[in-house]
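J.: Got a structure for you, questions after.
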Amino acid sequence: MMTTLVHPAYIVATALFIFALHWMNTPQTARRGVYAGVAGMALAVIVTWAQPTVIHHGWIALAIVGGFAVGVPLAMVPLTAVPQRTALSHAFGGLAAGLVGTAEYYLGLGEGPDTLTAFRMVAIVAEILLGFLTFTGSLMAAGKLQEVKWIPQRPVTYPLQNLANLALLLVAAGVGTALVLHPTADWAPHLFPVVIALALLFGVLLIIPIGGADMPTVIAILNAYAGLSAVAMGFVLDNKLLITAGALDGSSGLILAIIMCKAMNRSFTNVLFGAFGQVQQTKAGGEQKVYRSETIEGAAQVLEQASQVVIIPGYGMAVAQAQHKVRELYDQLKKRGITVRFAIHPVAGRMPGHMNVLLAEADIPYTDLVEMDEINPDMPQVDVALVVGANDVVNPAARYDKSSPIYGMPIIDADKARTVFAIKRSKNPGFAGIDNELYFSDKTWMLFGDAKGVIGELVKQLSGGSGMH
Amino acid sequence: MMTTLVHPAYIVATALFIFALHWMNTPQTARRGVYAGVAGMALAVIVTWAQPTVIHHGWIALAIVGGFAVGVPLAMVPLTAVPQRTALSHAFGGLAAGLVGTAEYYLGLGEGPDTLTAFRMVAIVAEILLGFLTFTGSLMAAGKLQEVKWIPQRPVTYPLQNLANLALLLVAAGVGTALVLHPTADWAPHLFPVVIALALLFGVLLIIPIGGADMPTVIAILNAYAGLSAVAMGFVLDNKLLITAGALDGSSGLILAIIMCKAMNRSFTNVLFGAFGQVQQTKAGGEQKVYRSETIEGAAQVLEQASQVVIIPGYGMAVAQAQHKVRELYDQLKKRGITVRFAIHPVAGRMPGHMNVLLAEADIPYTDLVEMDEINPDMPQVDVALVVGANDVVNPAARYDKSSPIYGMPIIDADKARTVFAIKRSKNPGFAGIDNELYFSDKTWMLFGDAKGVIGELVKQLSGGSGMH
Amino acid sequence: MTETSEFWSQLFVFVLASFIGLGVIRRVSRLLHTPLMSITNAISAIAVVGSIIVTGADYPPVIRLMGGIALFASMTNIVSGFLITDRMLKMFKTDRKPGDGGHS
Amino acid sequence: MTETSEFWSQLFVFVLASFIGLGVIRRVSRLLHTPLMSITNAISAIAVVGSIIVTGADYPPVIRLMGGIALFASMTNIVSGFLITDRMLKMFKTDRKPGDGGHS
Ligand SMILES: NC(=O)c1ccc[n+]([C@@H]2O[C@H](COP(=O)([O-])OP(=O)(O)OC[C@H]3O[C@@H](n4cnc5c(N)ncnc54)[C@H](OP(=O)(O)O)[C@@H]3O)[C@@H](O)[C@H]2O)c1
Ligand SMILES: NC(=O)c1ccc[n+]([C@@H]2O[C@H](COP(=O)([O-])OP(=O)(O)OC[C@H]3O[C@@H](n4cnc5c(N)ncnc54)[C@H](OP(=O)(O)O)[C@@H]3O)[C@@H](O)[C@H]2O)c1
């Protein structure tokens with residue numbers, strides 16, 4: 027009975043997953059999407075668990091309880107830690123795929139040669155390669171994002187690095203092929219762990235040369251890998267639900283990676299092998315140009331006089347956790363009948379949609395979050411552009427300076443506004459590690475300090491001053 | 027070799043078909059879509075023909091040649107005959123599915139019981155039922171659209187009609203079930219033709235009670251059936267390419283039917299069992315209200331004075347084949363610096379997109395074809411609305427007259443324009459068979475006559491007069 | 009792979025294909041609904057592959073005859089469907105070139 | 009159904025699923041790209057069905073242990089993935105209600 031039920035159940039689950047992603051196309055329906063996803067998942071788990079082949083239940087229950095025990099706290103991390111959490115979950119996903127693949131192989135060995143057909147072996151090898159390299163790779167990525175001590179932030183490069191990686195990959199592929207051709211040879215069971223080891227090693231080496239700030243893109247790519255490993259598992263188990271879900275996951279990773287690369291005007295290869303973060307090292311420090319800074323009072327007054335204010339948040343707002351203060355500022359200005367909008371750059375922050383989530387967390391209506399392409403035409407009419415911890419995404423050099431690493435990346439035209447206030451702590455550059463002439467323009471006034479602190483002051487000024495109006 | 031090639035080839039063909047439909051989302055890429063479709067089709071045919079099981083080639087070549095011999099002329103029909111052609115092609119599609127299903131059944135009989143499994147029989151019965159009822163049903167529809175003598179245009183109704191049809195359907199289903207349960211019983215081979223006969227009969231009875239003007243909707247529904255029969259064939263032959271292509275076809279039919287019903291504010295059931303066209307009979311003829319007609323000269327002058335003209339084409343333009351004359355008028359007015367746009371109602375004419383194709387045929391840039399929802403807001407600023415053989419789609423009764431059969435159907439607000447000219451031949455109503463008060467409004471002037479003739483005159487006036495300006 | 013699970017995998021494909029169909033067709037330009045009808049006709053005539061096998065295989069003539077007729081019917085749809093679609097699409101232009109764009 | 013044609017039907021499903029994936033994801037609102045990442049995580053943890061079988065079937069303990077770990081890993085992704093997605097989505101509002109919408 028249950029065996030027959032499993033097929034329709036899997037089809038329904040698939041449909042639910044597709045709807046789940048479909049409903050993400052607008053915030054109104056997005057939560058419905060979550061419920062659909064949960065329903066599909068629950069259905070699939072229950073029906074599978076009820077299969078007659080499943081006779082031992084203890085460990086399953088245990089693992090599920092464990093999953094909840096770890097999963098719930100993992101879901102409570104502060105939003106700034108979301109990239110790490112994502113990376114971590116890819117690691118888990120990869121691990122799961124790799125382990126199942128391994129189990130399937132040794133099971134097949136037991137059942138004799140006819141089960142380990144060439145095609146099945148190809149799927150298994152693909153599964154463990156993708157799975158285990160995603161595992162270590164994602165762990166490294168998570169570590170870099172979490173800025174764990176013993177994982178070097180800055181890209182680690184050494185001569186012939188890419189060549190070495192390539193060689194390693196070839197070895198792994200070679201060993202894999204050997205396994206595919208002779209899955210049941212007496213040396214095969216001993217060679218299998220070698221493939222695993224190679225995959226694990228490759229995952230590490232793949233990430234080492236990539237700068238911490240490039241991790242978001244890498245994460246998206248690892249996301250695609252994780253999806254593909256699920257697909258491979260689907261091939262091994264002949265489970266179309268797995269294949270579909272994996273493909274959905276894979277497409278999402280791929281598309282996000284493409285969006286990020288486009289918005290950064292970089293290519294995949296450049297991200298993966300460009301050791302981009304290096305620029306940061308070489309260029310950072312030592313600007314001699316003059317910044318003109320402004321006092322909180324002065325800034326507050328100018329803001330009060332404005333009728334059109336655009337706030338441009340960046341990674342700095344995330345670091346400072348300043349979104350709630352920003353909201354208070356937003357309220358203060360709104361109270362005065364000033365139109366306040368937020369200009370959201372596709373790669374502001376360190377992950378896609380980063381700023382949107384933070385501002386939404388601060389309860390700012392998403393109808394006031396405007397995309398770059400929509401707001402840029404209005405910038406010339408804007409009285410004050412308030413840059414909160416954003417840098418590269420407002421760097422005019424992207425428009426003309428061919429030598430600049432961000433040349434060609436579309437930016438928010440803060441420099442077109444009548445007045446610009448820029449909040450940052452120091453004279454240090456941003457992610458791309460380059461000067462930002464916007465800060466030296468004669469319409470720009472710097473407000474040095476931690477974003478949270480500075481904006482807090484501004485709010486105090488305005489709320490204090492608001493009485494006199 | 028060929029047997030292995032067939033799978034990848036079918037996958038590629040599937041992808042090509044999906045792209046073909048995807049590229050139809052804008053006129054710029056649409057033709058690329060056709061090429062993709064042709065490529066996919068050619069690939070599938072060649073690979074299949076090259077299968078080792080295919081040993082007799084004479085008949086295949088013959089049938090293909092025949093297909094070209096009939097297909098090419100069929101593609102040359104005037105655009106007004108497109109609905110009939112579409113209906114006819116559904117008939118062919120249904121026939122093909124039905125015949126292959128039949129063949130598969132008798133082949134299975136030969137090979138013995140194990141080939142005709144229950145599930146396979148279900149698929150076969152579904153295939154022949156859908157196939158053959160689509161065959162006769164579409165032939166009837168084509169006949170009604172072509173206004174063939176011996177096929178009654180007006181809905182033929184008799185007491186307990188729907189009940190009778192339902193009974194027939196149940197009988198067919200019953201016999202079908204018997205076949206599924208005992209596919210190889212000695213009476214089965216003789217019962218099989220009965221199912222076919224019932225399906226053929228049902229197709230006829232299904233269409234008889236539906237008025238000629240409702241055919242477009244019916245055609246869309248038959249389109250969906252044809253698609254489903256292809257899907258059933260895919261199940262019988264375990265051919266996923268067939269399943270996919272059939273599903274694509276089915277969705278298209280379904281969506282078009284829904285669009286039409288929505289735009290007519292009618293329900294499927296109402297179209298299928300409502301015997302709608304009857305209204306036409308009962309209400310037609312005998313209006314006593316006064317029309318005020320205008321002379322060509324007068325109309326020409328008003329048009330010349332206008333700065334904003336909107337032309338509202340309808341079924342009448344198609345009947346009169348007036349699109350080329352309309353284009354000349356369009357040119358004349360443009361020459362005078364008058365902005366001329368076309369207001370396209372989703373169900374103007376007798377098939378979805380009917381007006382667009384006709385006007386495109388007349389070489390009018392599709393950028394001047396404006397959808398109802400976009401143009402309605404502008405109507406009050408329009409100086410002259412020229413209604414060319416449209417009726418129901420500009421009938422204000424749809425807005426408020428609950429008793430009217432078209433109540434609730436969205437319309438083009440011709441009555442909001444400063445002046446309205448309406449071209450039609452007589453005082454007869456349109457498809458819905460009801461009066462149109464727009465014609466009696468004090469801002470409306472009738473130009474009685476055949477659309478082609480009337481507009482021809484207008485053009486003469488304007489071109490003649492144009493010298494004096 | 010057992011006969012039932014074969015059925016389920018076909019149903020699976022059908023569901024996925026329907027998702028694609030509804031997603032893609034819903035985005036077809038309203039301008040092109042008439043050509044859309046004809047191109048989907050042509051595409052669904054892919055049933056031709058079924059009839060090719062039936063016609064060409066080593067089956068009793070009466071069976072092969074049915075296949076042949078089916079093949080002819082499908083082929084007609086393919087040819088006329090694609091041709092008329094292209095003929096209609098040729099007509100859609102943005103900027104008017106003088107002279108006509110494919111009158112019939 | 010032979011082993012190879014089984015592979016092909018899986019590949020077929022993969023292709024269709026990719027079409028759906030690309031089509032659907034491309035239309036996800038830019039506002040929601042962060043939640044999108046977490047919900048796809050959760051969904052791809054459907055790999056859990058594989059590990060349930062391995063863990064629960066009558067296999068040698070070492071195999072079942074691998075399955076158990078995999079099951080635990082997937083389960084973690086499912087729980088945290090869906091929870092954090094919902095937590096983020098709860099925050100998106102059009103009109104501001106006073107008080108905060110789910111601070112962390
Ligand atoms: N979003 C994505 O998906 C993604 C993915 C990969 C890469 N990236 C890259 O990340 C960059 C994002 O641009 P961005 O302008 O948002 O960030 P950014 O260019 O990295 O600049 C962040 C700025 O915030 C300032 N800052 C840091 N902590 C602060 C604090 N506590 N208070 C106030 N200011 C603080 C920093 O200056 P101080 O140190 O002087 O304070 C820095 O100038 C882009 O280059 C993009 O290509 C984004
Ligand atoms: N488009 C679709 O997919 C579709 C599908 C199903 C049903 N329909 C229905 O069809 C109707 C379409 O509305 P419509 O306004 O386009 O057409 P209509 O309501 O049928 O009216 C057509 C008008 O054109 C006039 N006419 C006919 N031949 C003419 C000629 N040679 N010269 C000048 N005028 C001529 C007729 O009046 P005279 O006879 O006095 O000339 C008639 O009033 C709607 O009711 C719609 O629901 C459309």
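Top to bottom, those sequences are chains D, Y, V and X.
Residue 27 is where the first sequence starts when you use my numbering, and the numbers rise one by one after that.
Residue 27 is where the second sequence starts when you use my numbering, and the numbers rise one by one after that.
Residue 9 is where the third sequence starts when you use my numbering, and the numbers rise one by one after that.
Residue 9 is where the fourth sequence starts when you use my numbering, and the numbers rise one by one after that.
Just so you know, even glycine gets a beta-carbon here, dropped at the ideal spot from N, CA and C.
In this text the structure is predicted, and so the values were computed from the model without any measurement.
Could you tell me which of Y:Arg58, Y:Leu121, Y:Gly97 and Y:Val103 sits nearest to Gly58 of chain V, measuring between CA atoms?
T.: Y:Leu121
J.: Residues of chain X with a CB under 8 Å from the CB of Gly31 of chain V: which are they?
T.: Ile28, Gly31 and Val32
J.: Who are the near neighbours of Tyr182 of chain D in its chain, counting only those whose CB is closer than 7 Å to its CB and skipping five residues on each side?
T.: Checking the sequence shown, residue 182 of chain D turns out to be Val, not Tyr. Within the same chain, Val182 of chain D has close Cβ partners Ile234 and Pro235.
J.: If Ile269 of chain Y and Gln18 of chain V are in contact, beta carbons under 8 Å, what's the gap, nearest whole angstrom?
T.: 6 Å
J.: Where do the N-terminal and C-terminal ends of the beta strand (DSSP E) with Ile370 of chain D fall, by residue?
T.: Thr365 to Ile370
J.: Where does the unbroken alpha helix (DSSP H) through Leu125 of chain D begin, and where does it stop?
T.: Val108 to Glu137
J.: Rounded to the nearest angstrom, how far is the Cβ of Val62 of chain V from that of Ser82 of chain V, given a contact under 8 Å?
T.: With a Cβ gap of about 11 Å, Val62 of chain V and Ser82 of chain V do not count as contacting.
J.: Roughly how many angstroms lie between the CA atoms of Thr40 of chain Y and Ile92 of chain V, to the nearest whole one?
T.: Pairing Thr40 of chain Y with Ile92 of chain V, the inter-Cα distance amounts to about 22 Å.
J.: CB of Ala325 of chain Y to nearest heavy atom of ligand 2: below 8 Å?
T.: No, the beta carbon of Ala325 of chain Y sits no closer than 8 Å to any heavy atom of ligand 2.
J.: Ala386 of chain D lies in the alpha helix (DSSP H); which residues open and close that run?
T.: Note, Ala386 of chain D: alpha helix (DSSP H), His380 to Glu387.
J.: Listing by chain order, which chain V residues have their CB less than 7 Å from the CB of Val25 of chain X?
T.: Residue 25 of chain X is actually Ala in this sequence, not Val. Per Cβ cutoff of 7 Å: Leu24.
J.: Going by C-alpha to C-alpha distance, which of Y:Leu186, Y:Leu189 and Y:Ala332 sits closest to Lys360 of chain Y?
T.: Y:Ala332
J.: Give the interface partners of His33 of chain D over in chain V, defined as CB-CB distance under 9 Å, in chain order.
T.: Thr12, Ser13, Phe15, Trp16, Ser17, Leu19 and Phe20
J.: Name the chain X residues whose beta carbon is nearer than 7 Å to that of Ala41 of chain Y?
T.: Within chain X, the residues near Ala41 of chain Y are Val23.
J.: Residues bridged to Trp16 of chain V by DSSP?
T.: DSSP, once it has assigned bridges, lists no residue as partnering Trp16 of chain V.
J.: Closest Cβ-Cβ distance between Glu387 of chain D and chain X: below 9 Å?
T.: Interface criterion met: the Cβ of Glu387 of chain D is under 9 Å from a Cβ in chain X.
J.: Can you find a heavy atom of ligand 1 that lies under 8 Å from the Cβ of Met96 of chain X?
T.: no
J.: Taking 9 Å as the CB-CB limit, is Leu329 of chain Y close to chain C?
T.: Going by chain labels, chain C is absent from the structure shown, which instead holds the protein chains D, Y, V and X.
J.: Using only the alpha-carbon positions, how far apart do Val420 of chain D and Lys453 of chain D sit?
T.: 15 Å
J.: Work out the CA separation of Ile437 of chain D and Gly311 of chain D for me, nearest whole Å.
T.: Confidence is the limiting factor: at Gly311 of chain D the pLDDT is only 45, short of 50, which leaves the residue's position unreliable and the question unanswerable from this model.
J.: Check whether the segment 470-488 of chain D touches the segment 30-39 of chain Y, counting contact only when three or more Cβ pairs, one atom from each stretch, lie closer than 8 Å.
T.: No, they do not touch.
J.: I'd like to know whether the C-beta of Glu354 of chain D is nearer than 9 Å to at least one C-beta of chain X.
T.: no
J.: Quick one: is Asp94 of chain V buried, meaning 16 or more other Cβ sit within 10 Å of its Cβ, or exposed?
T.: A residue is called buried when at least 16 other Cβ atoms come within 10 angstroms of its Cβ; Asp94 of chain V meets this threshold and is buried.
J.: Under 9 Å between the Cβ atoms of Val408 of chain Y and Val316 of chain Y?
T.: no
J.: Run through the DSSP bridge pairs and tell me what Ala411 of chain D is partnered with.
T.: D:Val336 and D:Val446
J.: Whole-angstrom Cβ separation of Val221 of chain D and Ala198 of chain D, contact assumed at under 8 Å?
T.: Contact check for Val221 of chain D and Ala198 of chain D: beta-carbon distance about 6 Å, within the 8 Å limit, so the pair qualifies.
J.: How about Gln487 of chain D: is its C-beta nearer than 9 Å to some C-beta of chain X?
T.: No, because no Cβ of chain X sits closer than 9 Å to the Cβ of Gln487 of chain D.
J.: What are the boundary residues of the alpha helix (DSSP H) that includes Trp75 of chain Y?
T.: Pro53 to Trp75
J.: Within the continuous beta strand (DSSP E) that includes Val396 of chain D, where are the two ends?
T.: Leu395 to Glu397
J.: Give the secondary structure of Phe100 of chain V by DSSP, where H, G and I count as helix, E and B as strand, and everything else as coil.
T.: coil
J.: Any beta carbon of chain X sitting closer than 9 Å to that of Leu100 of chain D?
T.: Yes, contact with chain X.
J.: Figure out for me which residue from D:Thr55, D:Gln110 and D:Asp357 has the closest Cα to the Cα of Ala488 of chain D.
T.: Note on residue identity: the sequence assigns Leu, not Ala, to residue 488 of chain D. Leu488 of chain D has its Cα closest to that of D:Asp357, out of D:Thr55, D:Gln110 and D:Asp357.
J.: Whether or not the segment 144-163 of chain D and the segment 278-290 of chain D are in contact is what I'm after, with contact meaning three or more pairs of Cβ atoms, one per stretch, closer than 8 Å; do they touch?
T.: no
J.: Do Ile370 of chain D and Leu395 of chain D have their beta-carbon atoms positioned less than 9 Å apart in this structure?
T.: yes
J.: In this structure, how does DSSP classify Trp471 of chain D when only helix, strand and coil are distinguished?
T.: strand
J.: Looking at C-alpha atoms only, which residue of D:Met147, D:Ala411, D:Ala193 and D:Arg58 is the closest neighbour of Lys98 of chain X?
T.: When each option's Cα is compared against that of Lys98 of chain X, the closest is D:Arg58.
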